[in-house]
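Reading through the structure tokens given below for one structure.
There are 2 protein chains.
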Amino acid sequence: MLNYQVAAPAPLDLAFQALADPTRRVMVERLSQGPASVSELARPLDMTLSAVVQHLAVLEASGLVRSQKIGRVRTCRIEPQTFTAAERWLSERRASWERRFDRLGAFLAETEAETGADDDPATPSAAPGVRRRRKKT
Amino acid sequence: MLNYQVAAPAPLDLAFQALADPTRRVMVERLSQGPASVSELARPLDMTLSAVVQHLAVLEASGLVRSQKIGRVRTCRIEPQTFTAAERWLSERRASWERRFDRLGAFLAETEAETGADDDPATPSAAPGVRRRRKKT
DNA sequence: CTGATACTTAAGTGAATGCTTAACTATCAG
DNA sequence: CTGATAGTTAAGCATTCACTTAAGTATCAG
Numbered sequence: 037m038l039n040y041q042v043a044a045p046a047p048l049d050l051a052f053q054a055l056a057d058p059t060r061r062v063m064v065e066r067l068s069q070g071p072a073s074v075s076e077l078a079r080p081l082d083m084t085l086s087a088v089v090q091h092l093a094v095l096e097a098s099g100l101v102r103s104q105k106i107g108r109v110r111t112c113r114i115e116p117q118t119f120t121a122a123e124r125w126l127s128e129r130r131a132s133w134e135r136r137f138d139r140l141g142a143f144l145a146e147t148e149a150e151t152g153a154d155d156d157p158a159t160p161s162a163a164p165g166v167r168r169r170r171k172k173t
Numbered sequence: 037m038l039n040y041q042v043a044a045p046a047p048l049d050l051a052f053q054a055l056a057d058p059t060r061r062v063m064v065e066r067l068s069q070g071p072a073s074v075s076e077l078a079r080p081l082d083m084t085l086s087a088v089v090q091h092l093a094v095l096e097a098s099g100l101v102r103s104q105k106i107g108r109v110r111t112c113r114i115e116p117q118t119f120t121a122a123e124r125w126l127s128e129r130r131a132s133w134e135r136r137f138d139r140l141g142a143f144l145a146e147t148e149a150e151t152g153a154d155d156d157p158a159t160p161s162a163a164p165g166v167r168r169r170r171k172k173t
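Protein chains in written order, with the numbering used here: chain D, 37 to 173; chain X, 37 to 173.
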């Protein structure tokens, strides 16, 4: 069970990072309505073509967008898979706390009927503090 | 219909930016299982408490996490709303291209029956190139 | 009061970002 | 061939980021 975390950029890092920029989200919004060329993506944006190309590079590196060049025109389109990965991460977290709320709800409903308190399922375990230092000796 | 885009950081910028960091995602994963103190969040992380507090500040600024201090312990918990906003943005984009695929599917099914070709609904409109320069004269 | 615990805050640093300008390389139209 | 179009690539630069160390400030236990 190796995780990235050290030195290698996890796919989700790149995806969320790419989506964090408003310019790039505008580009993704445009592409979600259908493929577009680079200059088409650039049209509504208040910056040089060069900057747009750099944003595109970020989107491609993240896997959210794919492109191919035909003649002198590069056509870009959305790559659904990476997109879905980001969506899934979010919904999994939500599932996690919603499960917890359900349990809490059940607990409250139970103690409402017969007042015999147990252990609060939403309370953190509160452990002693041990500090770490980074690898650097 | 004013949008952020200029000078002010849109809520989604902050949310996606916050989620782009693996350390912060670990923190969010922990919190999605229930509230936790700062040192509890720091325990599995290979960095100083100080750094964790700074990550927490980013998460709070993004609205993904909320915290309150009782005595000397700060308890952190997930704030579902902002989370949902990010999820919604993603699913709306997906809805957009899925609608397009449906139309394409319908179009193909139609031309399969009676071969009378029209205009490809997935093809970009290809307009002339006009370059902008940033505000700076 | 005294010492640990649980953060807080400030300053500094190297690397990553989001641009710009400038100079270039392929198409494609005539 | 010639000029416009579409994109590419390389510097350079101001900011922001993700840390670190260092020096606090409130609790709380004894």
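C-beta atoms are modelled at their ideal positions from N, C-alpha and C, and glycine is treated no differently.
Because the structure is a prediction, the values reported are computed rather than measured.
Exposed unless 16 or more other CB atoms sit within 10 angstroms - verdict on residue i
{"i": "X/ALA56", "result": "buried"}
{"i": "D/SER86", "result": "exposed"}
{"i": "X/VAL89", "result": "exposed"}
{"i": "X/GLU76", "result": "buried"}
{"i": "X/ARG66", "result": "buried"}
{"i": "X/ALA78", "result": "buried"}
{"i": "D/ALA93", "result": "exposed"}
Short CB-CB distance (under 8 Å) between residue i and chain X
{"i": "D/GLN33", "result": "The question about residue 33 of chain D has no answer here: the residues shown for chain D are numbered 37 through 173."}
{"i": "D/GLU115", "result": "no"}
{"i": "D/ARG129", "result": "yes"}
{"i": "D/ALA121", "result": "no"}
{"i": "D/GLY99", "result": "no"}
Among the options, nearest to residue i - alpha-carbon criterion
{"i": "X/LYS105", "options": "X/HIS91, X/GLN53, X/VAL74 and X/SER98", "result": "X/VAL74"}
{"i": "D/ALA54", "options": "D/SER132, D/THR111 and D/SER98", "result": "D/SER98"}
{"i": "X/ALA47", "options": "D/ASP49, D/ARG61 and D/LEU50", "result": "Rather than Ala, the amino acid found at residue 47 of chain X in this sequence is Pro. Minimum Cα distance to X/PRO47 is reached at D/ARG61."}
{"i": "D/MET63", "options": "D/SER127, D/GLU96, D/TRP133 and D/ARG108", "result": "D/GLU96"}
{"i": "D/ARG130", "options": "X/ARG135, X/GLU128, X/ALA93 and X/LEU100", "result": "X/LEU100"}
{"i": "D/ALA72", "options": "D/LEU81, D/THR84 and D/VAL109", "result": "D/VAL109"}
Within-8 Å CB hit, residue i to chain D
{"i": "X/ARG136", "result": "yes"}
{"i": "X/PRO58", "result": "yes"}
{"i": "X/GLU96", "result": "no"}
{"i": "X/VAL64", "result": "yes"}
Delimiting residues of the alpha helix (DSSP H) encompassing residue i
{"i": "D/GLN53", "result": "47 to 55"}
{"i": "X/ARG108", "result": "Here X/ARG108 belongs to no alpha helix (DSSP H), and DSSP marks it neither H nor E."}
{"i": "D/LEU92", "result": "85 to 98"}
{"i": "D/ARG61", "result": "58 to 68"}
{"i": "D/LEU77", "result": "74 to 78"}
Check whether residue i and residue j have beta carbons under 8 Å apart
{"i": "X/GLU115", "j": "X/ARG124", "result": "no"}
{"i": "D/ALA51", "j": "D/THR118", "result": "yes"}
{"i": "X/SER132", "j": "D/TRP133", "result": "no"}
{"i": "X/ASP49", "j": "D/PRO45", "result": "no"}
{"i": "D/GLY70", "j": "X/ARG135", "result": "no"}
{"i": "X/LEU126", "j": "D/ALA122", "result": "yes"}
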